[in-house]
Structures are given as structure tokens and as C-alpha cells.
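Residue numbers (UniProt numbering), protein chains in the order written: chain Y, 1 to 196; chain R, 1 to 196. We put the beta carbon where it would ideally sit given N, CA and C, even for glycine. These figures come from a predicted structure and were not determined experimentally.
Below you can see the structure in the form of C-alpha cells.
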């Protein structure tokens with residue numbers, strides 16, 4: 001009954017809908033995501049949902065975008081490339097433990113069936129936040145003249161993320177601090193920062 | 001009826017059983033793999049299966065082991081580290097297109113439910129063949145004094161494989177020749193072979 005509970009703010013409604021779409025995805029799968037299901041789980045009328053989003057997939061992308069972290073290079077003058085790279089990988093690991101990351105993984109695993117949605121994860125979620133963890137940091141130090149911008153190829157921008165993912169797939173666990181430092185010292189820095 | 005078809009050699013029987021277990025896995029999933037199902041698909045009595053293997057999982061591991069390639073460093077005196085690394089990644093890509101690789105991926109994706117089987121993939125399939133594509137090659141050149149063995153950490157041995165996997169996950173396609181060369185030139189060699 002309307003009025004039986006306190007009216008939620010816009011921000012609360014949006015947060016509830018974003019949480020609902022991620023839970024709904026985990027429960028019913030991509031193929032059965034509906035405005036009805038999401039609305040019911042969030043306690044919101046379908047007509048209200050349509051005021052802001054035009055499809056279940058739009059809600060899902062909005063939730064993934066909102067839940068994806070933004071890495072920040074340390075502001076000068078405390079510049080520290082190595083620490084900033086390790087911190088960027090820490091951010092990735094923190095994200096990997098969230099329901100939003102599992103939802104992202106579920107979409108990419110079904111890329112063959114939903115190619116446009118998978119593509120949208122890259123263009124609307126990953127790329128606006130820098131494309132790759134370590135990417136924002138590396139480009140910042142290249143712009144500052146600290147590393148050679150020519151070294152920042154797609155392969156080099158991908159090294160940190162690739163090794164974290166591979167470690168996670170192989171071990172079933174997230175890399176610890178020492179492994180993050182090893183990835184930065186033994187793979188990212190030699191490729192991005194070796195003498196030239 | 002016995003005798004209605006030509007008797008197969010031992011090697012033919014083994015090949016048929018290995019192919020059958022991979023097809024059966026793709027069709028019914030890990031949880032419903034049985035000696036009956038495999039025997040039926042291979043056209044072999046269950047009692048004959050038990051003569052060689054003691055479980056469906058043993059058959060599966062045998063098939064994955066038989067289908068996993070073995071990388072080879074070029075024999076001296078045509079030593080060429082860069083070419084051998086690229087060739088090792090080509091082997092990985094050729095393997096990734098096989099039904100055996102998809103079966104391996106299916107097991108690792110269900111690691112949480114079948115931890116012992118996933119562990120056995122590493123100890124019985126990957127490790128006997130060198131643990132990582134590029135690993136055999138890198139260790140060969142370290143033993144020959146061409147690169148510093150101290151550089152061959154777990155992270156460095158994983159760089160090539162991690163970047164191939166990441167590229168494949170991101171693009172839904174296998175890396176082409178240029179990408180393999182970039183991975184070797186921009187990531188593996190700087191980490192394994194930079195001046196010291």
C-alpha cells in the first residue's frame with residue numbers, strides 16, 4: 001500500500017535498483033532478466049523503472065558502471081610509480097571480490113550469446129574508467145615525462161591485469177601483497193620502465 | 001553382437017575412449033560423467049574400461065594429458081630465444097582451439113565443486129609438460145647461460161600465457177601472429193632478458 005513505508009530518496013531508489021539487478025542476474029541468469037523481476041526485487045513499480053532505464057540490460061550496465069572503481073595516480077609531489085601500480089592492482093582485487101565483478105564475469109562468459117552486451121561492458125564500464133587497471137597510472141607518468149609513452153602499448157597496459165587474472169584462475173585465490181609487488185617489479189616495470 | 005565389426009587395436013580403443021570422454025563431458029557435464037556413458041559412446045564394454053582406468057575422472061585426465069602439447073626449444077646451434085617463445089605461444093593457441101582445451105576449461109570453471117580434479121589438471125596435465133607455455137623454452141635458455149635463471153620467477157614464467165588468455169577473454173578471438181610477437185617483444189623478453 002502506498003504510504004505504508006517511508007518514501008525513499010532518488011539516490012536510494014537507484015541504489016536499490018542497482019543492487020537488485022545484480023542479485024537478479026545471479027539468481028535467474030542473463031536470459032531471464034526482466035523489468036518485472038528487477039522491479040519486484042527492488043520494491044519499485046515497473047513504470048518507475050522505465051522513467052530512468054529503457055531495458056533490463058541498461059539497468060545492468062548502469063549497475064556495473066557504478067560499481068567499477070576509478071584508479072588515481074598519487075598527486076605530485078609524492079610521485080611514486082611503483083606504489084601507484086601496486087595500489088592500482090589492489091583496487092582491481094578489491095573489485096574482483098564484489099557481486100558486481102561476478103556479474104561482469106557472467107556477461108563476459110556468455111559473450112557468444114550476448115555479443116552486444118559484452119561489447120557494452122568494455123565501452124561503457126571499463127573504458128570510461130581507464131580501460132585497464134594500471135592504465136591510468138601508467139599514462140599519468142608518461143604524460144609527466146617519467147616513462148616513455150611509446151612503451152605504453154596495448155600489451156604493456158594489459159600486463160598487470162592479465163597476471164592478476166591468471167593467478168586467480170590458476171589458484172582459485174586472489175594474489176596476496178607479495179604477489180602484487182612481484183607482478184609490478186618483475187613484469188610491469190621491466191616492460192614499461194626499462195632503460196631506454 | 002561380438003564379431004560383427006573388425007576388432008580394434010589397443011591404440012584405437014584408447015583413442016576412441018579419450019575422444020568419447022571429451023564429447024561426453026561437453027554433453028552431460030562433469031557431474032554426470034559415468035563409465036556407462038563413456039563406454040557406450042566409445043562402443044566399449046564397461047568391464048574393458050575398468051581394465052585400464054578406475055573412474056570416469058581418470059579417463060578424463062588421461063585424455064587431457066594425451067591432448068596437451070609439449071613445447072620444444074629449437075636444438076642448438078640454431079638457438080633463437082625470440083622465435084622459440086613465439087612458437088611456444090603458437091602451440092598454446094593451437095591447443096586452445098581443441099575440444100580437449102574446452103574440457104580443461106570446463107573443469108577449471110568448476111574448481112569450487114571439484115577441487116581435487118582441478119588440482120589434478122595442474123599436477124597431471126600442465127606440470128609434466130613444463131607447467132606453462134614458454135616455461136620449457138625459458139628454462140632451456142637459462143640452463144644454456146643465455147638468460148639469467150634468477151629472472152625465471154613464477155610471475156615471469158606466466159607472462160606469455162597470461163597475456164594470451166587475457167587477449168582471448170577480452171576479444172573473444174585468439175591473438176594473431178603480430179600480437180604474439182608483441183607479447184614476446186614487449187612483455188616476455190623485457191622481463192626475462194633485460195640487461196643485468
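Short CB-CB distance (under 8 Å) between residue i and chain R
i: residue 99/Y; result: no
i: residue 130/Y; result: no
i: residue 150/Y; result: no
i: residue 111/Y; result: yes
i: residue 106/Y; result: no
i: residue 135/Y; result: no
i: residue 158/Y; result: yes
i: residue 180/Y; result: no
Cβ shell of residue i (< 7 Å), same chain only, five flanking positions each side left out
i: residue 196/R; result: Caution is warranted here: a pLDDT of 45 is assigned to residue 196/R, below 50, making its placement in the model unreliable, and the coordinate value is therefore given only provisionally. These residues qualify, in order along the chain: 148.
i: residue 39/R; result: 45, 46, 49
i: residue 1/R; result: With a pLDDT of 45 at residue 1/R, under the threshold of 50, the modelled position of that residue is not reliable, and the figure given next carries that caveat. Cβ within range, chain order: n/a, list empty.
i: residue 232/Y; result: Residue coverage of chain Y in this structure runs from 1 to 196, which leaves residue 232/Y outside it and unanswerable.
i: residue 25/R; result: 33, 60, 103, 106
Partners in chain R for residue i, counting only beta-carbon separations shorter than 8 Å
i: residue 26/Y; result: Per Cβ cutoff of 8 Å: no residues; residue 26/Y is ~14 Å from chain R at best.
Residue environment, residue i, which counts as buried when at least 16 other CB atoms sit within 10 Å
i: residue 219/R; result: The question about residue 219/R has no answer here: the residues shown for chain R are numbered 1 through 196.
i: residue 31/R; result: exposed
i: residue 87/R; result: buried
i: residue 167/R; result: buried
i: residue 34/Y; result: exposed
i: residue 178/R; result: exposed
i: residue 197/R; result: Any question about residue 197/R goes unanswered here, given that chain R covers just 1 to 196.
i: residue 175/Y; result: buried
i: residue 43/R; result: exposed
i: residue 162/R; result: buried
i: residue 71/R; result: buried
i: residue 66/R; result: exposed
i: residue 132/Y; result: buried
i: residue 11/R; result: exposed
i: residue 191/Y; result: buried
i: residue 143/Y; result: exposed
Sequence-distant residues of its chain with Cβ nearer than 8 Å to residue i (five each side left out)
i: residue 119/Y; result: none
i: residue 180/Y; result: 86, 89, 90, 93, 164
i: residue 81/R; result: 137, 141, 146, 147, 189, 193
i: residue 154/R; result: none
i: residue 128/Y; result: 65
i: residue 8/Y; result: 16
i: residue 184/R; result: 82, 85, 86, 89, 160
i: residue 36/Y; result: 46
Contact with chain Y by residue i, beta-carbon distance below 8 Å
i: residue 177/R; result: no
i: residue 155/R; result: yes
i: residue 49/R; result: no
Per-residue contacts from residue i into chain R (C-beta, under 7 Å)
i: residue 161/Y; result: 166
i: residue 29/Y; result: The premise fails here: residue 29/Y is roughly 15 Å from chain R at the closest Cβ pair, so nothing lies under 7 Å.
i: residue 172/Y; result: 111
Neighbouring residues, chain Y, relative to residue i (Cβ below 8 Å)
i: residue 169/R; result: 108, 165
i: residue 191/R; result: 186, 187, 190, 191
Interface residues of chain Y facing residue i [CB-CB closer than 7 Å]
i: residue 183/R; result: 155
Own chain partners of residue i with C-beta closer than 6 Å, once the 5 adjacent residues on each side are dropped
i: residue 123/Y; result: none
i: residue 101/R; result: 95
i: residue 202/R; result: Chain R is shown only over 1 to 196; residue 202/R falls outside these bounds and no answer can be derived.
i: residue 63/Y; result: 18, 21, 22
i: residue 197/R; result: In the structure as shown, chain R begins at 1 and stops at 196. Residue 197/R is therefore absent and cannot be evaluated.
i: residue 99/R; result: 22
i: residue 116/R; result: none
beta-carbon residue i near the ligand GTP non-hydrogen atom, thresh 7 Å
i: residue 64/Y; result: You won't find the ligand GTP in this model; it holds no ligand whatsoever.
Original post:
Do three or more CB pairs link the stretch 110-127 of chain Y to the stretch 6-19 of chain R at distances below 8 Å?
Top reply: no
Original post:
Are the stretch 54-61 of chain Y and the stretch 93-102 of chain Y touching, with three or more C-beta to C-beta distances below 8 Å?
Top reply: no
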